[in-house]
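Student:
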Amino acid sequence: MVRMLKDALKGVISQEEVTQLYGGFDIVGDIAVIKIPDSLLSKKKMIADALMKHVKSVKTVLMQTTPVSGKYRTRSLEVIGGEQRTETVSKEHGCVFKIDLAQAYFSPRLSTERLRIAELVKPGETVTNLFAGVGTFSIVIAKKVPETKGYSIDANPAAHELALENIRLNKVGDRVTAMLGDAREVVEQVKGEADRVLMPLPEEAADFLDVAVKALKRPSGVIHYYTHVYAEKRENVFDEARKELDKSIKADYEVTAQRIVREVGPRWYQVVLDLKVSTDASS
Ligand SMILES: C[S@@+](CC[C@H](N)C(=O)[O-])C[C@H]1O[C@@H](n2cnc3c(N)ncnc32)[C@H](O)[C@@H]1O
């Protein structure tokens, strides 16, 4: 991505200015999404045109004008080049995802994590995703491990509609069920069924640990717990994540794996802890 930006914007803005764009640039399907600092706003059209000229597959350039925020984890976007749209189709791991970048959360930066989880799932498992977005994790799992069952829960009606469509597009409707609503309420329909629960909502996962435990089978199961951690030193990241988890979880657990998914700001990290959780004593 850095190389692509450097090459596309050579002679358009200075190399020093290009460095200001590094962290905020993604390509999703045929759309480029870019965060542009105030100092470069007057050059946004030139930046968009140069990107489309250099990367032929890019048909639209969107400028992200607000951070990802709110319950539905969406952001405001402005078309600064190409076709007036926010919908696209993204391909990963043999799956296709219809996406509307303005209406529902999607990040290509979670692609490696989606594959990592799919590779942990064993045939016969039921996997519940409490915060499923447009269905990505559940669909990758269903494609990679066909003998599984998935529940894909999301509170955002637009994300839910896209999940239904993505389930159809990927022909996994016999294995994945999309469910619309707040995870805390929807879990009542699927409680005690999951071998594995995904919690890809790092900002709030700690508040939903009781919901995740409720979703799991007895006597034990796996939770993939995502969180954001601030750490002065990178080597302290997992200690910080475990401290926070200890305060929130009400069941016995052991951490079987831990990983920094990505850096989300200076000294801020998105972390995943894989937990083997004992559900015997939980209600
Ligand atoms: C970070 S996104 C999920 C990303 C997704 N797993 C992916 O790979 O693209 C978090 C999602 O959680 C949903 N969400 C937030 N609060 C929720 C809740 N209480 N119940 C169900 N879904 C919720 C949002 O609508 C959003 O789609």
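Going left to right, the sequence shown walks through residues 1 to 283 as the working numbering numbers them.
Ideal Cβ placement from N, Cα and C applies to all residues, glycine included.
In this text the structure is predicted, and so the values were computed from the model without any measurement.
1. Nearest CA to the CA of Tyr105: which residue from Ser76, Asp280, Ile80, Gly124?
2. If distances are taken between C-alpha atoms only, which option among Pro200, Thr136, Leu180, Ala183 comes closest to Asn170?
3. From Asp7 to Ala50, what does the alpha carbon distance come to, in whole angstroms?
4. Can you tell me where the beta strand (DSSP E) holding Phe97 begins and where it ends?
5. With a cut-off of 8 Å on the beta carbons, I'd call Lys217 and Glu193 a contact; round off their distance for me.
6. Taking DSSP as the reference, what is the three-state secondary structure of Val58?
7. I need the DSSP call for Gly82, collapsed to helix, strand or coil.
8. Since Leu245 is in the alpha helix (DSSP H), which residue starts that stretch and which ends it?
9. If I follow the unbroken alpha helix (DSSP H) through Asn166, where does it start and stop?
10. Is it the case that the CB of Thr136 approaches a heavy atom of ligand 1 more closely than 7 Å?
11. Can you tell me the Cα-Cα spacing of Ile167 and Glu147, whole angstroms?
12. With DSSP as the reference, please indicate the residues paired to Lys10 in a beta bridge.
13. Strictly by DSSP, which residues pair up with Arg196?
14. Count Cβ pairs between the region 65-82 and the region 10-18 that sit closer than 8 Å; are there 3 or more?
15. Give me the Cα-Cα distance between Ser283 and Asn156, rounded to the nearest whole angstrom.
16. Using 8 Å for Cβ pairs, my map puts Glu244 next to Thr227. What's the rounded Cβ distance?
17. Between which two residues does the beta strand (DSSP E) holding Thr88 run?
18. Between the C-alpha atoms of Val264 and Leu110, what's the straight-line distance to the nearest angstrom?
19. On the DSSP letters alone, give me the boundaries of the beta strand (DSSP E) that Asp68 sits inside.
Tutor: On the basis of the supplied data:
1. Ranking Ser76, Asp280, Ile80, Gly124 by Cα distance to Tyr105 puts Ser76 first.
2. Among Pro200, Thr136, Leu180, Ala183, the Cα nearest to that of Asn170 belongs to Thr136.
3. Those two C-alpha atoms are separated by around 10 Å.
4. Note, Phe97: beta strand (DSSP E), 95-100.
5. Taking 8 Å as the upper bound for CB-CB distance, Lys217 and Glu193 are in contact here, some 7 Å apart.
6. Reduced to three states, the DSSP call for Val58 is coil.
7. For Gly82, the secondary structure class from DSSP, reduced to helix, strand or coil, is strand.
8. Element bounds for Leu245: 237-248.
9. Here the alpha helix (DSSP H) through Asn166 covers 157-169.
10. It does: the Cβ of Thr136 is within 7 Å (strictly closer) of some heavy atom of ligand 1.
11. Distance between the alpha carbons of Ile167 and Glu147: 16 Å.
12. In the DSSP output, where bridge partners are listed per residue, Lys10 has Ile13.
13. Secondary-structure assignment with DSSP links Arg196 through a beta bridge to Val127, Val222.
14. No, the region 65-82 does not touch the region 10-18.
15. Because the pLDDT of Ser283 is 47, which lies under 50, any placement of that residue in the model is unreliable, and the number read from its coordinates should be weighed accordingly. Within the model, the alpha-carbon separation for Ser283 versus Asn156 is close to 28 Å.
16. Taking a contact as a CB-CB distance under 8 Å, the pair Glu244 and Thr227 counts as one, their CB atoms being some 6 Å apart.
17. It spans 87-92 - the beta strand (DSSP E) in which Thr88 sits, taken as one unbroken run.
18. Going by the C-alpha atoms only, they are around 12 Å apart.
19. Checking the sequence shown, residue 68 turns out to be Val, not Asp. No beta strand (DSSP E) contains Val68, which DSSP labels as neither H nor E.
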